[in-house]
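Okay, so the sequence shown: first residue is 10 according to our numbering, each after it adds one.
Quick reminder that beta carbons are idealized off the backbone N, C-alpha and C, glycines included.
As structure tokens, the structure follows; a few thoughts come after it.
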Amino acid sequence: MNSPHQQPLVQLFDAGGQSPWLDNLKREYIEHGDFERVLASGIRGLTSNPTIFQKAIEGSDLYDAQFHQCLEQGFSIEDTYWELVKSDIIAAADIFRPLYDKSYGLDGYVSVEVSPELAHDTLGTIAAAQLLHDQIARPNVMIKIPATVEGLPAIEEVISRGINVNVTLIFSVLRYAEVMSAYIQGLTRLAATAPQRVADVASVASFFISRVDSEIDKRLQAIGSEGATQLMGKAAIAQAKIAYQMFERTFAGDVWKALSQAGAQVQRPLWASTSTKNPTYPDTMYVDQLIGPHSVNTLPDQTMDAFIQRGTIDVTITRGVQDAHDVWASLSQFAIDPNQVAQQLETEGVASFQKSFRDLLAVLVAKAN
């Protein structure tokens, strides 16, 4: 249970071994000193994505001066967008830097995503990741790369160059296995060319949670039988528990041992999309039930506030694992194929980020005119 003497998010890390990261970034946080309060609450990192930046830039006039300045300097609309993004990422990274130093590179990371238009372009993703890495030039920044089929070789290549990667849009345990493999292959290549750099590379694998339940629940509800409805709200957590088992196995294996001796950090599973979409579910369920060592939970503001108020701290990710396997196996009785669900969610996720990106560019074009 929560100790009254300690902030719940601090305790989540100290007692649960899990790092809470904030799933939001906007210039107000930087300019108004909000990040100091956020850090004091126990938040240990920060993630962003194209949808977050769309909301931030459209919803604030704090970007206007830099926007017009970029246009006067002859930047294109898209290049101007990236200038706005990089400014926020650099400022946030500098605020989180003391935590990065104090935690010896475990936390204090800020994540920025390559253009969502590159989700199916391996070489374009590699080039964009390298460019962002070079231009931002902060050791505590992670470049977000989606776990599409085309993203996997890009992840391996970028890791082999010693660049931190946050792998995003993971929806299935099959793809998760490939993501861990890409990380290990990338580090193995780096160890062969620059062994002294292996210890400096960090990565997380962002496994999406609530969207899995939203889609599977919809299918179970359509079936409507008692057996089907009893499974509602259980699939996403079950899959995460199975994924965590895979994480523990992979990073205890022989291949990993050699890298570990070279100082390599495990690629931590990160639970993403942890706000509940179904209003009948407890608003902290995708935090309370997924707590475990060497993991990250990235929290939108509302979920962070809810957990601070009424979250419970207990290592839960390793509990009820057999039940999780049973839940997962019983989906097939209702002709639900998790891999087909995952493919649909990945396609929708990429499309959603692309839409945010394009919508924001259209707003910036209108603003420029």
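Which of the three DSSP states is assigned to residue i in this structure?
i	result
proline 309	coil
glutamate 122	strand
methionine 241	coil
alanine 249	helix
leucine 55	strand
valine 94	helix
valine 176	strand
asparagine 11	Below a pLDDT of 50, predicted positions are generally treated as unreliable, and asparagine 11, at 40, falls in that range; no measurement from the model is reported.
valine 188	helix
glutamine 16	coil
valine 372	helix
isoleucine 61	helix
alanine 231	helix
isoleucine 154	strand
arginine 277	strand
proline 29	strand
valine 324	coil
phenylalanine 84	coil
serine 282	coil
alanine 377	helix
phenylalanine 216	strand
serine 365	helix
serine 269	helix
serine 223	helix
serine 339	helix
serine 304	strand
proline 107	helix
threonine 202	helix
Going by beta carbon distance, what residues of the same chain come within less than 7 Å of residue i, once the five residues before and after it are set aside?
i	result
proline 381	Lying before the first or after the last residue shown, residue 381 is absent from the chain, which here runs from 10 to 378.
alanine 186	Met255
lysine 243	Val336
phenylalanine 343	Leu229, Ile232, Ala237
leucine 93	Ile66, Tyr72, Gln75, Phe76
asparagine 348	Ser181, Leu183
proline 13	No answer about proline 13 holds up, because its pLDDT of 45 lies below 50 and its placement is not dependable.
Give a yes or no on whether the C-beta atoms belonging to residue i and residue j are separated by under 7 Å.
i	j	result
leucine 108	aspartate 116	yes
isoleucine 172	lysine 95	no
proline 278	phenylalanine 216	yes
proline 29	phenylalanine 362	no
glycine 301	valine 324	yes
serine 282	serine 219	yes
asparagine 175	valine 150	no
leucine 340	glutamine 63	no
valine 296	asparagine 287	no
isoleucine 225	valine 182	no
glutamate 355	leucine 199	no
valine 374	isoleucine 86	yes
phenylalanine 105	valine 119	yes
valine 207	alanine 271	yes
methionine 189	threonine 289	no
glutamine 274	alanine 201	no
serine 57	valine 121	yes
proline 17	phenylalanine 366	no
tyrosine 192	glutamine 82	no
Going along the chain, which residues of its own chain have a beta-carbon closer than 8 Å to the beta-carbon of residue i, five neighbours each way excluded?
i	result
serine 61	Correcting the residue type first, residue 61 is isoleucine in the shown sequence and not serine. The answer, listed in chain order, is Asp32, Asn33, Leu34, Lys35.
glutamine 5	Outside the displayed range of the chain (10 to 378) lies residue 5, so it cannot be described from this structure.
glutamine 449	As shown, the chain starts at 10 and ends at 378. That puts residue 449 outside it, with no answer to give.
isoleucine 39	Asp97, Ala100, Ala101, Ile104
proline 204	Ala271
Enumerate in chain order the residues of its own chain whose CB-to-CB distance from residue i is below 6 Å, with the five nearest sequence positions on each side excluded.
i	result
phenylalanine 256	Pro278
glutamine 298	Ile246, Thr325
methionine 10	Because the pLDDT at methionine 10 is just 34, under 50, the model does not fix this residue reliably, and the point stays unresolved.
glycine 399	For residue 399 there is no data in the structure shown, the boundaries of the chain being 10 and 378.
methionine 313	none
Verify the CB distance criterion: does residue i have a CB-CB separation below 7 Å to chain C?
i	result
aspartate 209	Structure shown: chain C not included; a single protein chain is present.
Compute the beta-carbon to beta-carbon distance between residue i and residue j, rounded to the nearest angstrom, for a pair I have assumed lies under 8 Å.
i	j	result
alanine 156	alanine 247	The Cβ separation is near 20 Å, so there is no contact.
threonine 197	leucine 268	7 Å
valine 167	isoleucine 135	6 Å
serine 69	glutamate 37	6 Å
alanine 351	arginine 184	7 Å
serine 304	tryptophan 265	The Cβ separation is near 17 Å, so there is no contact.
aspartate 383	glycine 114	Nothing in the structure corresponds to residue 383, since the chain is present only between 10 and 378.
Any heavy atom of the ligand PLP closer than 6 Å to the CB of residue i?
i	result
isoleucine 172	Among the components modelled here there is no ligand, and therefore nothing to report on the ligand PLP.
Do the segment 130–140 and the segment 160–169 make contact, defined as three or more Cβ pairs closer than 8 Å?
Here the segment 130–140 lies against the segment 160–169, with 3 or more beta-carbon pairs under 8 Å apart.
So does the segment 40–52 actually touch the segment 137–145, counting three or more Cβ pairs closer than 8 Å?
no
Does the segment 312–331 come within contact of the segment 16–26, defined as at least 3 CB pairs closer than 8 Å?
yes
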